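2 protein chains.
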Amino acid sequence: MLTRIDHVGIACHDLAATTAFYRDTFGFEVAHEEVNEEQGVREVMLRVNGTDDGEASYLQLLEPTRDDSPVAKFLARNGEGVHHIAFGTSDVAGTAGAIGGHGVRVLDAQPRAGSMGSRIAFLHPKDCGGVLTEIVQASDRR
Amino acid sequence: MLTRIDHVGIACHDLAATTAFYRDTFGFEVAHEEVNEEQGVREVMLRVNGTDDGEASYLQLLEPTRDDSPVAKFLARNGEGVHHIAFGTSDVAGTAGAIGGHGVRVLDAQPRAGSMGSRIAFLHPKDCGGVLTEIVQASDRR
Chain A
29 MLTRIDHVGI
39 ACHDLAATTA
49 FYRDTFGFEV
59 AHEEVNEEQG
69 VREVMLRVNG
79 TDDGEASYLQ
89 LLEPTRDDSP
99 VAKFLARNGE
109 GVHHIAFGTS
119 DVAGTAGAIG
129 GHGVRVLDAQ
139 PRAGSMGSRI
149 AFLHPKDCGG
159 VLTEIVQASD
169 RR
Chain B
29 MLTRIDHVGI
39 ACHDLAATTA
49 FYRDTFGFEV
59 AHEEVNEEQG
69 VREVMLRVNG
79 TDDGEASYLQ
89 LLEPTRDDSP
99 VAKFLARNGE
109 GVHHIAFGTS
119 DVAGTAGAIG
129 GHGVRVLDAQ
139 PRAGSMGSRI
149 AFLHPKDCGG
159 VLTEIVQASD
169 RR
């Protein structure tokens, strides 16, 4: 059902500086950059490793593009740090339904657009041991 | 240098309940359980996926065994949630030295004992964008 750690999302104030840190100090390569206007974030995906389901694990660096975005509010409350964990699946809608059947609130009734053409749904952190959790179906073209 | 997301460490109050949640709701298998008296934690490793460096990615669930352990203090301050991210390397001492050369404070001058016979070193979260970061060299027997 969930076959990999797809990414760990990290909130930061300065995307360029944080990207440079992870690239220069840890050696991770930038795989992708985009702006997600719906979520109010500018983001960089750093590829860490391939996974045995044929996909990969990334770090996702997130900088808010506006003060009322969820990531801006997270930064104001918590400062920089881990924002969420995302697990990969081949069927985001089916997996969201199965997880919802266990009593976990699925925040996106219809999967929405994530990084690199993926389709995603968030789960309520209070139902997941305090962890904001995302499930991700990668794009076929990824 | 760092070739995988080795694990994401999650602090919890009730290890049995949190393990059951991840197993039953997300389908992750328990790979290992142990108590690390030095760190004051009881822990469960849940295997999520294999990685293309020949190792694997895990979730590490952490319950404190005493009130003065770092994880107990984290829970008192932040509540349940993500505690740290760990990246895998084939040479923890060499990688710690290289990362320290970039100005990141390495909290363990000598690598110490981690999960499943691994050797680990922690990096200062203030030097890693607010993320408590661990580097891990897996045991040959893992």
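So the sequence lines, in the order shown, correspond to chains A and B. For the first sequence, the positions run 29 to 170 when this note's numbering is used. For the second sequence, the positions run 29 to 170 when this note's numbering is used. All C-beta atoms, glycine included, are put in the ideal place defined by N, C-alpha and C. Please read these numbers as outputs of a predicted model, since none were measured by experiment.
Residue i - DSSP class collapsed to helix/strand/coil
i, result
"R94(A)", "coil"
"L103(A)", "helix"
"M144(A)", "helix"
Chain A contact for residue i (CB, 8 Å cutoff)
i, result
"H130(B)", "yes"
"E71(B)", "no"
"R32(B)", "yes"
"F150(B)", "no"
"G158(B)", "yes"
Contact with chain B by residue i, beta-carbon distance below 8 Å
i, result
"R105(A)", "no"
"S47(A)", "Note that residue 47(A) is Thr in the sequence shown, not Ser. No, its Cβ sits nowhere closer than 8 Å to a Cβ of chain B."
"A142(A)", "The sequence shown places Gly at residue 142(A), rather than the Ala named in the question. Chain B, which has no Cβ nearer than 8 Å to the Cβ of G142(A), makes this no."
"V76(A)", "yes"
"V134(A)", "no"
"E162(A)", "no"
"F115(A)", "yes"
"G125(A)", "no"
"G37(A)", "no"
"G109(A)", "yes"
Span of the beta strand (DSSP E), counted from its first residue to its last, around residue i
i, result
"D34(A)", "32-39"
"L151(A)", "147-151"
"V120(B)", "Careful: V120(B) lies outside any beta strand (DSSP E), inside the alpha helix (DSSP H) at 120-128."
"E66(A)", "No beta strand (DSSP E) contains E66(A), which DSSP labels as neither H nor E."
"Q28(B)", "This structure gives no information on residue 28(B), because the portion of chain B shown stretches from 29 to 170."
"V134(B)", "It is not in any beta strand (DSSP E) - V134(B) carries neither H nor E in the DSSP assignment."
"G109(B)", "109-116"
Where the alpha helix (DSSP H) through residue i begins and ends
i, result
"F54(B)", "43-54"
According to DSSP, residues forming a beta bridge with residue i
i, result
"L74(B)", "V58(B), L87(B)"
When Cβ atoms are compared, which residues of the region 79-97 of chain A fall closer than 7 Å to chain B?
T79, D80, D81, S85
Could you name the residues of the region 48-66 of chain B whose beta carbon sits closer than 9 Å to any beta carbon of chain A, in the order they occur along the chain?
F49, Y50, D52, T53, F54, G55, F56
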